[in-house]
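Heads up: take any position in the sequence shown, counting from 1, add 342, and you land on this note's numbering.
Report on one structure; see the data block that follows.
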Amino acid sequence: MISIPHKAKQFLVLLAKLLIVGGAFYFIYNQLAHNDQLDWQKFIVLFRKNQSVLGISFILLLSVLNRYFEILKWQNLAQVIHKISVYEATKQVLAALTAGIFTPNGVGEYAGKALYYPKSEAKRVVFLNLICNGIQMILTIIFGIFGLLYFNAQFNVITTKTVLILFGGFVLLLVLLFSIKKIKIKGYSIEKLIHKINEIPKSVHQKNIFLGICRYLVFSHQYYFLFLGFDVYLPYLTLMAAITSVYFLASSLPTFQFLDFAVKGSVAIYFFGILGVNEWIVIFISTLMWFLNVVLPVILGSYFVLNFKTNSKTKLEETM
Numbered sequence: 343m344i345s346i347p348h349k350a351k352q353f354l355v356l357l358a359k360l361l362i363v364g365g366a367f368y369f370i371y372n373q374l375a376h377n378d379q380l381d382w383q384k385f386i387v388l389f390r391k392n393q394s395v396l397g398i399s400f401i402l403l404l405s406v407l408n409r410y411f412e413i414l415k416w417q418n419l420a421q422v423i424h425k426i427s428v429y430e431a432t433k434q435v436l437a438a439l440t441a442g443i444f445t446p447n448g449v450g451e452y453a454g455k456a457l458y459y460p461k462s463e464a465k466r467v468v469f470l471n472l473i474c475n476g477i478q479m480i481l482t483i484i485f486g487i488f489g490l491l492y493f494n495a496q497f498n499v500i501t502t503k504t505v506l507i508l509f510g511g512f513v514l515l516l517v518l519l520f521s522i523k524k525i526k527i528k529g530y531s532i533e534k535l536i537h538k539i540n541e542i543p544k545s546v547h548q549k550n551i552f553l554g555i556c557r558y559l560v561f562s563h564q565y566y567f568l569f570l571g572f573d574v575y576l577p578y579l580t581l582m583a584a585i586t587s588v589y590f591l592a593s594s595l596p597t598f599q600f601l602d603f604a605v606k607g608s609v610a611i612y613f614f615g616i617l618g619v620n621e622w623i624v625i626f627i628s629t630l631m632w633f634l635n636v637v638l639p640v641i642l643g644s645y646f647v648l649n650f651k652t653n654s655k656t657k658l659e660e661t662m
């Protein structure tokens, strides 16, 4: 194995940090500065009309709660390896978010968290992060299906026959997955995965589900209150059904974190268009949700990336 001098390692680590942070900020700037669909003049006019210190503070509070529940979820799961403080969990979550912003489906987030643990624990960290994100996806699917069914019952977007076909296909997929659970791919199987999940204490799973529900309710209602802030007044259930449907369908599409608002915005335009909501309002709200829940945490996460400790033998250095 080629030995790399300590000074060279430090330089490479610093370069990696700058590339991650620089790349994150470039993609954020590029999306905000070169999006022709964003009419900033309309936004400023409406903002001045409805500006409220209390309202802005409330929306920001929801963003803090959204990320706080995610941090508590990770702290709860990380105790399977060893207990960590809320601050340590915050550092790991925000730094990982920054590292994953320009990777497909936030894959870089898994590597970002693993860097804070010994190399021997890397696989367990990735697995726990999969559980952390997986429960959020399952909740998005559950809430989304109910929302989509309610929305469809009100506006008949797709026929009952199509709904039954989709539901039948979903059930068939589940049956198929469980019927081949013993088949191994590169030493892994569904049966082995279920066994690994069951090794985690039930209390950890229960808390993970509870925090996941709290987080879902926070960011979905943040979306709801932003619509109210933009003078969109629709029945609560109708608006929430559209929001949960958008999250469900948008989350099923492969994308990059920095394009998250564009994907959700495209799906949202269709659903809220049916409700008669102006297209530019939908785009702005999707952009604001992305800015509040991705961009701001990434800015904070950049601090932790740049201050990532390199004086100890970290996993990053071990891999170089």
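Beta carbons are placed, not taken as given, at the ideal position from N, Cα and C, and that holds for glycine.
| Item | Value |
| --- | --- |
| Close-in-space but distant-in-sequence residues of the same chain around S562 (CB under 8 Å, 5 per side omitted) | F485, M582, I585, T586, Y589 |
| Distance between L436 and F646 (C-alpha atoms, nearest Å) | 7 Å |
| For L630, three-class secondary structure by DSSP | helix |
| Of the listed residues N475, V428, L404, nearest to L439 (C-alpha basis) | N475 |
| Between the CA atoms of V619 and A453 - distance to the nearest angstrom | 40 Å |
| Cut-off 6 Å between Cβ atoms - residues of its own chain near V467, not counting five sequence neighbours on either side | K455, A456, Y459 |
| Boundaries of the alpha helix (DSSP H) in which Y565 is found, first to last residue | 544-571 |
| Alpha-carbon to alpha-carbon, K433 and W622 | 35 Å |
| A431 vs I443 beta-carbon contact at 7 Å | no |
| Other residues of its chain near L634: CB distance less than 6 Å, five sequence neighbours each side excluded | S405 |
| Backbone CA spacing between G510 and I500 [nearest angstrom] | 15 Å |
| Buried versus exposed, by CB contacts within 10 Å (16 or more), V513 | exposed |
| Other residues of its chain near V560: CB distance less than 8 Å, five sequence neighbours each side excluded | L404, L407, N408, F411 |
| Assigned exposure category for I423 - 16 Cβ within 10 Å defines buried | exposed |
| T504 burial status per 10 Å Cβ neighbour count (16 or more: buried) | exposed |
| Separation of F614 from L516, as counted between CA atoms | 31 Å |
| Under the three-state DSSP convention, the category V513 falls into | helix |
| Cβ-Cβ separation, F572 to I627 (assumed contact under 8 Å), whole Å | 6 Å |
| Endpoints, the alpha helix (DSSP H) within which I585 is located | 578-593 |
| C-beta atoms of I477 and I536 nearer than 7 Å | no |
| Pair within 7 Å by beta-carbon distance, N418 and K534 | no |
| Cα-Cα separation, L570 to L579 | 14 Å |
| Residue from Q564, H547, S462, F469 with nearest C-alpha to V449 | F469 |
| Nearest-angstrom Cβ-Cβ length linking L568 and L617, presumed shorter than 8 Å | The pair is not a contact, with the Cβ atoms about 15 Å apart (cut-off 8 Å). |
| Helix, strand or coil at Y575 [DSSP, three-state] | coil |
| E541 classed as buried or exposed, judged by whether at least 16 other C-beta atoms fall within 10 angstroms | exposed |
| Beta-carbon spacing of G554, L481 below 7 Å | yes |
| Chain E contact for N620 (CB, 7 Å cutoff) | No chain E is part of this structure, which consists of one protein chain only. |
| Residue range of the unbroken alpha helix (DSSP H) whose run includes F488 | 464-497 |
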